[in-house]
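Colleague: If you read the sequence shown in my numbering, its first letter stands for residue 737, the second for the next number, and so on.
Just so you know, even glycine gets a beta-carbon here, dropped at the ideal spot from N, CA and C.
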Amino acid sequence: MKRSGSLIIATLACCLIAAIPRHAAPRYTTPPPIDGIRCEGMEGAVVHIHQYLALYDGYQRVTVPALIGIHNDCLYWLHTHTADGLIHDEVPIHKFFTLGNFFDVWKQPLNWYQAGPLRARGATKLKITVNGKPFKGNPRSIELDNHTEIIIKGGPPYVTHPPHYNWGNMG
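1. Helix, strand or coil for G836, going by three-state DSSP, please let me know.
2. Give me the Cα-Cα distance between E885 and H807, rounded to the nearest whole angstrom.
3. Excluding the five sequence neighbours on either side, which residues of its own chain have a C-beta within less than 8 Å of the C-beta of R857, listed in chain order?
4. Can you give the beta carbon distance from G777 to D809, rounded, assuming they're within the 8 Å contact cut?
5. Enumerate in chain order the residues of its own chain whose CB-to-CB distance from V782 is below 8 Å, with the five nearest sequence positions on each side excluded.
6. Taking the alpha-carbon positions, what's the V841 to G852 distance?
7. Have a look at L791 and T765 and give me their C-alpha separation to the nearest angstrom.
8. Over the uninterrupted beta strand (DSSP E) stretch that includes E826, give me the two end residues.
9. Under a Cβ-count criterion, where at least 16 other Cβ atoms within 10 Å of its own Cβ denotes burial, should H897 be classed as buried or exposed?
10. Three-state secondary structure (DSSP) at R855?
11. Between which two residues does the beta strand (DSSP E) harbouring R797 extend?
12. Based on the DSSP output, what are the partners of Y788 in its beta bridges?
13. Could you check how far apart the C-beta atoms of H846 and V798 are, in whole angstroms? I think they sit under 8 Å.
14. What separation, rounded to the nearest whole angstrom, lies between the Cα atoms of T865 and I878?
15. Using CA atoms only, rank isn't needed, just tell me which of N874, G805, P875 and I785 is closest to F832.
16. Any idea if I905 is buried or exposed, counting beta-carbon neighbours within 10 angstroms, 16 or more meaning buried?
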């Protein structure tokens, strides 16, 4: 009886040891590409441009969050660092993207009735301007060129003179 008890304890001890994780440190997996946009350990340097996105619900600014596209140990080629609407487009290859690609990285919808958390009111559509000019095409197709300024407004009422981004010394 004593011998079989020792055998049971030894068997249980082996099972418990086998169940202990082999790595104490957490292991992160790289998120999958989104629209061909990869999440990599450092920012790309072949294309390094910036765009400005402002969302307004009536007269109220809607925040484009900081850290969109930034994960534990990688950054998507399209990402934000701050909550001021500045999009960083930093790519290791010659490739350009659209506003739809950015919203996909953000995991938010983009159409004429919704842009992320911003929704059109009633039966109205969102109003979109690109570099100060009204935009009428598919919002997802807006090209992200250097210093492109995109303002999306829900209403009515609609903000009439939203502030522009001060590009200053930014490349």
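Modeller: With the given structure in hand:
1. helix
2. 26 Å
3. G890, G891 and P892
4. 6 Å
5. V827, P828, I829 and H830
6. 11 Å
7. 32 Å
8. L822 to V827
9. exposed
10. strand
11. Q796 to V798
12. L822 and E885
13. The question names His, yet the displayed sequence has Leu at residue 846. Their Cβ separation, rounded to whole angstroms, is 13 Å, which puts L846 and V798 out of contact at 8 Å.
14. 10 Å
15. I785
16. The residue asked about is misnamed: residue 905 is Asn in this sequence, not Ile. N905 is exposed by the Cβ-count criterion.
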